[in-house]
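Student: Chains A and B, in that order, are what the protein sequence lines are.
Residue numbers for the first sequence, in numbering that gives the first Met the number 0: 0 to 310.
Residue numbers for the second sequence, in numbering that gives the first Met the number 0: 0 to 430.
Glycine included, every Cβ here is placed at the ideal spot set by N, Cα and C.
Questions regarding the structure given below will be posed in turn.
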Amino acid sequence: MIGRDLLSIEDLEREEIQKILETAEKMCEIGRRDVKKVPTLRGRTIINLFFEPSTRTLSSFEIAGKRLSADVINFSPENSSLSKAESILDTAKTLDAMDPDAVIVRHAVAGVPKRIADVLKAPVVNAGDGAHEHPTQALLDMLTVYQEKGQLEGLTVAIIGDITHSRVARSNIHGFRKMGAEVRIAGPPTMLPPNPEVLGVKACTTLREALDGVDVVMALRIQNERFRGACFPSIREYAATFGLDRAKLRYAKDDAIVMHPGPVNRGVELAHDLTDHRPSVILDQVRNGVALRMAVLYLIAGHQSEAGRFA
Amino acid sequence: MSRVIISGGRVLDPSRDFDGEADVLIEDGRIEAVEAGIEVRGAERIDASGTWVAPAFIDMHCHLREPGQEYKEDLASGSRAAVAGGFSAVACMANTDPVNDDPSVTDYILARAREHAAAKIYPIAAATRGLLGEVMTEMSALRDAGAVAFSDDGKTIMDSGVMRSVLEYSKMVDASVIVHAEDLCLVRGGVVNEGPISTRLGLPGNPSTAEDIHVARDLRLAALTGARLHVAHVSSAGAVDLIRRAREEGVRVTAEVTPHHLCLTDEAAMGYDTNTKMAPPLRSAVDREACRRGLCEGVIDVIATDHAPHAVHEKEVDFIEAPPGILGLETAFPVVMDLVRKDEISPLELMRRLSTRVAEILRVPGGTLAKGAPADIVLLDPERRWVYDAAKGYSKSRNSPWDGQEMIGRVIATLVDGAVVYHSDRGVLVH
């Protein structure tokens with residue numbers, strides 16, 4: 000059993016990650032059925048509290064909850080004009096008073112899910128907080144790599160892009176390292192964190208150095224609306240230096256896979272044909288996202304269920 | 000004639016380098032004598048055995064929020080927090096609403112202070128109108144109205160030409176210009192110290208270089224102009240070094256450090272508690288050690304609280320939106336006593352940095368137990384343990400990283416002009 004909340008990968012033990020991944024493996028099968036629904040979380044209420052716009056992660060959590068028969072409510076304060084004056088904690092406490100069995104929180108600022116978890120009765124799952132962590136994304140990425148490679152131990156993973164501002168990068172760095180993989184990061188120096196050594200990674204400033212002999216290449220989305228000018232001079236230059244195509248991918252191992260948390264800026268982080276075809280596993284990531292989130296919801300909100308009922 | 004004898008304490012008077020057992024005789028609100036075994040018939044006696052007796056503290060950097068933000072603090076509540084923390088006098092920053100950039104605002108603050116304050120209030124006026132960093136304030140008129148120094152604290156004067164003019168012009172009124180030195184272009188929205196902690200937290204980092212750059216600029220401008228520069232809340236090792244070198248060169252610079260920069264590091268922000276957010280931010284252990292050494296060696300002159308009250312609802316937001324600043328007046332003494340306990344500074348020297356040296360920089364009375372001086376005195380128990388409960392403090396706000404923690408060292412009593420205005424058993428005695 001994992002802890003009460005799921006706030007960060009940094010806080011998880013290797014055994015807990017293992018447990019979540021094993022549970023998710025079993026959940027994958029449910030998605031392949033004609034009737035994609037089990038009664039595991041019947042009568043449980045799950046609230047998706049998304050302060051930051053999201054379609055992919057929100058849909059994934061919603062489908063995961065519904066496949067487990069939970070009642071899923073989406074609450075997006077940003078869409079409501081009334082919410083401006085309401086504090087984050089007030090919003091969270093209000094929802095908590097409705098006795099949900101789990102609250103899934105996304106916010107544009109690091110630390111908000113933790114602060115909410117500090118005051119809530121219900122367990123909290125971090126669905127992405129600022130540039131801090133996005134634990135379920137990292138877990139679904141690890142699940143995908145595990146399915147491809149049969150193991151995580153001993154692999155080498157390169158994460159390419161705006162590492163400083165990426166919660167996906169932080170969670171994956173912690174996760175893959177805990178599972179015994181080596182992680183390299185690469186991007187323009189303006190996008191690399193000031194102290195990469197505290198994350199236990201090797202920082203590279205050329206794609207070639209980063210990709211040399213790796214098993215997994217993970218490209219991150221460039222948030223060009225936010226950082227243009229501050230971190231890189233132009234999309235054209237970024238695509239030329241850190242954009243992946245089949246030619247550059249030859250630096251990696253022959254059987255290397257390509258991942259991306261989506262949505263892809265085609266022709267920027269990934270060349271068009273690399274986005275759609277192997278070795279890219281982007282749609283497997285999305286598919287695994289549902290199973291992984293089912294596993295997390297089961298482990299966190301279904302703790303009074305009879306073990307194995309989902310199976 | 001009213002006479003009070005404070006007897007049996009360990010008297011610490013930095014102004015005369017005196018540290019020893021003695022009695023203090025107060026007559027009509029002024030110090031009459033400090034010597035052993037004073038006997039005066041009919042005098043009220045305050046037993047100070049087991050305590051330190053020192054000039055009351057003077058804080059040259061606090062935010063009392065009046066006028067305009069009385070929901071956070073006002074002159075009454077802020078000055079009560081001050082005397083409860085051992086301060087007989089505080090200098091309040093100009094970032095009120097309206098800004099203290101006009102003599103009418105200075106007049107208002109002083110009039111309200113006369114009516115409601117438990118401590119002596121020294122307004123610091125803005126250096127530029129509206130704290131906009133563009134047009135100098137009427138320093139002469141503000142000085143005449145009672146301003147003791149000039150500062151755009153909270154903001155940085157980014158235009159070096161304006162900063163030069165402010166320094167040049169300040170020579171005319173012979174008051175310090177207090178700078179909040181941060182290159183805002185480099186800070187670029189950073190909310191915690193840039194380094195391993197910001198990397199782990201995923202919060203935007205504020206590099207200490209942003210402070211170093213502006214301290215360096217202002218030191219060169221002080222050298223160029225010959226004006227008196229005071230660097231507020233020094234927090235980086237680089238800034239300490241720059242100030243040390245400038246002093247050796249003869250630049251007229253003084254500096255302050257806060258209790259939190261002396262005793263906390265950016266590690267305190269690991270739980271995303273917005274009561275660990277301040278500007279400049281809590282920095283690395285290396286920076287903290289440099290600040291402590293700087294204070295002990297005299298590179299940094301004084302301790303100032305940067306008491307910055309914010310309402311609970313303002314701090315109960317995300318880390319980026321939360322306003323920077325924490326309470327400081329009621330916890331300053333026990334927090335900085337850490338330096339005495341670790342043998343980094345002597346009790347006498349610590350007292351100097353909390354009172355005597357502050358009075359010298361601001362050129363205000365106090366900071367001495369010399370005959371004829373106002374009897375602004377603090378009685379301190381360096382060993383007393385107590386738990387700080389911000390909700391029960393005198394400030395209207397509660398934003399303290401020390402809330403609920405055990406403190407070692409307690410203010411036993413504070414006297415202003417010979418009157419006991421605070422006693423640890425009876426609370427603030429001014430109504």
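When DSSP labels each residue in this structure, what does B/Glu26 get in the three-state scheme?
Tutor: B/Glu26 falls in the strand class under three-state DSSP.
Student: B/His306: which of B/Val39, B/Glu31, B/Asp58 and B/Ser48 sits nearest, CA to CA?
Tutor: Of the listed residues, the one whose Cα sits closest to B/His306 is B/Asp58.
Student: Under the assumption that B/Gly201 contacts A/Arg105 (Cβ atoms under 8 Å), give the Cβ distance between them as a whole number of angstroms.
Tutor: Actually they are not in contact, since the Cβ atoms of B/Gly201 and A/Arg105 sit about 14 Å apart, beyond 8 Å.
Student: Note down the Cα distance separating A/Leu296 from A/Thr22, rounded to an integer number of angstroms.
Tutor: Their Cα atoms are separated by approximately 11 Å.
Student: Looking at chain A, which residues of the region 306-318 of chain B have a Cβ within less than 7 Å of any of its Cβ atoms?
Tutor: Result list: His312, Glu315, Val316, Asp317 and Phe318.
Student: With DSSP collapsed to three states, give me the class of A/Met26.
Tutor: Note: A/Met26 maps to helix in three-state DSSP.
Student: What does A/Ile87 reach in chain B if we use C-beta pairs closer than 7 Å?
Tutor: Those are Val316 and Asp317, listed as they occur along chain B.
Student: Helix, strand or coil: how does DSSP classify A/Met217 here?
Tutor: Here A/Met217 sits in strand by DSSP.
Student: Rounding to the nearest angstrom, what Cα-Cα distance links A/Asp219 and B/Tyr121 in this structure?
Tutor: The amino acid at residue 219 of chain A is misidentified as Asp; the sequence shows Leu. Rounded to whole angstroms, A/Leu219 to B/Tyr121 spans 54 Å at the Cα level.
Student: Would you grab the beta carbon distance between B/Ala148 and B/Leu361 for me? Rounded to a whole angstrom, and I think it's under 8 Å.
Tutor: Right, their Cβ atoms sit about 6 Å apart.
Student: Please confirm if B/Ser207 has its CB atom under 9 Å from at least one CB of chain A.
Tutor: Not closer than 9 Å to any Cβ of chain A, the Cβ of B/Ser207 fails to qualify, so no.
Student: For A/Thr90 and B/Arg397, what's the separation of their Cα atoms in angstroms?
Tutor: Going from the Cα of A/Thr90 to the Cα of B/Arg397 covers about 22 Å.
Student: Could you give the residue range of the alpha helix (DSSP H) that holds B/Asp203?
Tutor: This sequence places Pro at residue 203 of chain B; Asp is not what is there. B/Pro203 -> no alpha helix (DSSP H), and no H or E assigned at all.
Student: Beta carbons nearer than 9 Å to chain B: which residues of the region 111-143 of chain A have them?
Tutor: Cβ contacts with chain B come from Val111, Lys113, Arg114, Asp117, Asp128, Gly129, Ala130, His131 and Glu132.
Student: Taking contact to mean 3 or more Cβ pairs, one atom from each stretch, closer than 8 Å, check whether the region 359-376 of chain B and the region 17-34 of chain B are in contact.
Tutor: These segments touch.
Student: Between A/Met178 and the rest of its own chain, which residues show a CB-CB distance below 7 Å, the 5 nearest in sequence each way excluded?
Tutor: Only Arg13, Ile16, Met141, Leu151 and Glu152 meet the Cβ criterion.
Student: Please classify A/Gly149 as buried or exposed, where buried requires at least 16 other C-beta atoms within 10 Å of its C-beta.
Tutor: With fewer than 16 Cβ atoms within 10 Å of its Cβ, A/Gly149 is classed as exposed.
Student: Just how far apart, CA to CA, sit B/Gly408 and B/Lys341?
Tutor: Their backbone Cα atoms lie some 14 Å apart in a straight line.
Student: Ignoring anything shorter than 3 residues or poking outside the region 9-92 of chain B, list the beta strand (DSSP E) runs there in chain order.
Tutor: Within the region 9-92 of chain B, the complete beta strand (DSSP E) runs of at least 3 residues are 17-26, 29-34, 43-46, 51-54, 56-61 and 86-91.
Student: In or out: B/Thr304 buried (at least 16 other Cβ within 10 Å) or exposed?
Tutor: So B/Thr304 counts as buried.
Student: In angstroms with no decimal places, state the Cα-to-Cα distance between A/Gly242 and B/Glu72.
Tutor: If you take the alpha carbons of A/Gly242 and B/Glu72, they lie about 54 Å apart.
Student: Residues of chain B with CB under 7 Å from A/Asn317, in chain order?
Tutor: Here chain A has residues from 0 to 310 only, and residue 317 of chain A is not among them.
Student: Tell me the DSSP secondary structure of B/Pro333 in three-state form.
Tutor: Residue state, collapsed to three classes: helix.
Student: Just how far apart, CA to CA, sit A/Asp283 and A/Pro134?
Tutor: Their Cα atoms are separated by approximately 17 Å.
Student: Name, in chain order, the residues that DSSP records as bridge partners for A/Arg183.
Tutor: A/Ala157 and A/Lys201.
Student: In chain A, what lies closer than 7 Å to B/Leu294 by C-beta?
Tutor: None at all; the shortest Cβ gap to chain A is about 27 Å.
Student: If contact means a Cβ-Cβ distance below 9 Å, which residues of the region 270-281 of chain B contact chain A?
Tutor: Those would be Gly270, Tyr271, Asp272 and Thr273, in chain order.
Student: Secondary structure at A/Ser165, three-state DSSP: helix, strand or coil?
Tutor: In the structure shown, A/Ser165 sits in coil (DSSP, three-state: anything other than H, G, I, E or B).
Student: Is it right to say B/Cys184 is buried, meaning 16 or more other beta carbons lie within 10 angstroms of its own, or is it exposed?
Tutor: Looking at its Cβ environment, which holds fewer than 16 other Cβ atoms inside 10 Å, B/Cys184 is exposed.
Student: Considering only residues of the same chain and omitting the five flanking positions on each side of A/Pro187, which have a CB-CB separation below 6 Å?
Tutor: Here the set comprises Phe231.
Student: For B/Leu349, go through chain A and note every residue whose CB falls closer than 7 Å to its CB, in chain order.
Tutor: Chain A residues near B/Leu349: none, gap ~34 Å exceeds 7 Å.
Student: Among A/Ala229, A/Ala239 and A/Ala270, which residue has its Cα nearest to the Cα of A/Arg245?
Tutor: Answer by Cα proximity: A/Ala270.
Student: A/Arg166 touches chain B at which residues, Cβ-Cβ below 8 Å?
Tutor: In chain order: Gly201.
Student: Compare the C-beta of B/Glu210 with all C-beta atoms of chain E and state if any pair is closer than 9 Å.
Tutor: This model lacks chain E altogether, as its protein chains are A and B.
Student: Looking at the strands, I want to know which residues DSSP matches up with B/His259.
Tutor: In DSSP, B/His259 forms no bridge with anything.
Student: Note down, in chain order, every chain B residue with its Cβ under 8 Å from the Cβ of A/Leu198.
Tutor: Ordered by position in chain B, the residues that pass the 8 Å Cβ test against A/Leu198 are Thr198 and Arg199.
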